[in-house]
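**Q** The structure follows.
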Amino acid sequence: MRLEGKVAVITGAASGFGRAAARRFVGEGAKVILGDIQEVEGKAVASELGDNAVFLKCNVTSEEDVAALVDAAVSNFGALDVMYNNAGVVGAVGPIAQTPLEEWQRTLDIHLNGSFLGCKHAARVMMSQASGSIINMASTAGLLGGQGPHAYATCKHGMIGLTKSLAREIGPRGITVNAVAPGFVPTDLTNDLIEDMQDTIIEMTSMRRLGTPEDVAHLTTFLASDQSSFITGQVI
């Protein structure tokens with residue numbers, strides 16, 4: 000099993016990409032700390048996964064909450080090998096002239112500041128171990144213009160910049176930092192947005208199908224494994 004003996008923290012683990020990753024990580028031998036603001040759903044995922052999963056309610060805009068996830072990995076399982084900064088929302092939508100500042104700020108707080116806090120506290124533990132993998136959930140919206148709402152795209156561009164910058168800092172310490180950039184993948188978060196465009200999206204996709212959270216989980220499992228130790232600072 001690729002992740003045998005590893006300990007991971009996953010934010011946004013109650014649904015979508017995070018839930019799929021939690022299932023895959025545990026199936027590959029990892030122990031996981033699951034963080035999400037959705038308490039009922041998060042506890043259900045932890046219950047499904049058994050003794051190898053612990054759920055903590057976490058608002059990623061709170062440094063105290065994010066630090067608690069990292070500390071729980073160490074206190075429950077003795078280490079932190081993987082930090083998967085996945086939590087996100089669609090956030091502010093609409094024309095720029097009509098975007099409320101508070102919705103814009105909330106989107107940045109969850110995506111960009113939440114990932115920063117995950118990186119910060121993961122690095123705190125991983126640097127003392129001289130090992131670990133940090134994975135940030137980016138998007139093709141962070142690589143191309145016009146593939147998402149303004150705030151969402153801005154956050155994803157920022158997360159890619161954070162990934163590359165952090166890899167330069169801590170990569171030499173034995174820690175890989177990479178980002179995953181999926182295209183249009185239906186999840187509980189995006190189903191309504193994608194539904195009306197589904198046929199057009201499929202026509203634009205070489206595989207002629209939409210991706211799935213399980214596809215992304217397969218990729219994050221690779222990035223979390225020792226096999227990916229030569230890859231750092233990349234967007235995949």
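Oh and the sequence shown: position 25 is 24 in numbering that gives the first Met the number 0, straight run, nothing missing. Think of the CB as a built atom: it goes at the ideal place given N, C-alpha and C, for glycine as much as any other residue. Being a predicted model, the structure only gives us computed values, none of them experimental.
1) Taking Cβ positions, are Gly28 and Phe54 nearer each other than 9 angstroms?
2) Could you check where the beta strand (DSSP E) with Thr98 kicks off and where it finishes?
3) Can you tell me where the alpha helix (DSSP H) with Thr162 in it begins and where it stops?
4) What did DSSP end up calling Asn112 once you bin it into helix, strand or coil?
5) By the three-class DSSP mapping on this structure, what secondary structure does Asn177 have?
6) Is Ser74 helix, strand or coil by DSSP?
7) Can you give me the C-alpha to C-alpha distance between Gln146 and Gly90, rounded to a whole angstrom?
8) In terms of DSSP beta bridges, what is Ala137 paired with?
9) For Gly237, count neighbouring Cβ atoms within 10 angstroms of its own Cβ and tell me buried if that reaches 16, exposed if not.
10) Just verifying my parser: in three-state terms, what is the DSSP assignment at Thr60?
11) Among all the DSSP beta bridges, which residues are the ones paired with Met0?
12) Quick one, which of Phe115, Asp80, Gly117, Ala86 has its alpha-carbon nearest Leu222's?
**A** To lay it out plainly:
1) In this structure, Gly28 sits away from Phe54, with a CB-CB distance that is not shorter than 9 angstroms.
2) Segment: none, Thr98 is in no beta strand (DSSP E) and carries neither H nor E.
3) For Thr162, the enclosing alpha helix (DSSP H) starts and ends at 149-169.
4) If DSSP states are grouped into helix, strand and coil, Asn112 belongs with the helices.
5) Asn177: strand per DSSP, three-state reduction.
6) Ser74 falls in the helix class under three-state DSSP.
7) Each residue's Cα considered, the two are about 14 angstroms apart.
8) In the DSSP output, where bridge partners are listed per residue, Ala137 has none listed.
9) What is shown of the chain runs 0 to 235, which leaves residue 237 out entirely.
10) The three-state secondary structure of Thr60, taken from DSSP, is coil.
11) Beta-bridge pairing links Met0 to no other residue.
12) When each option's Cα is compared against that of Leu222, the closest is Asp80.
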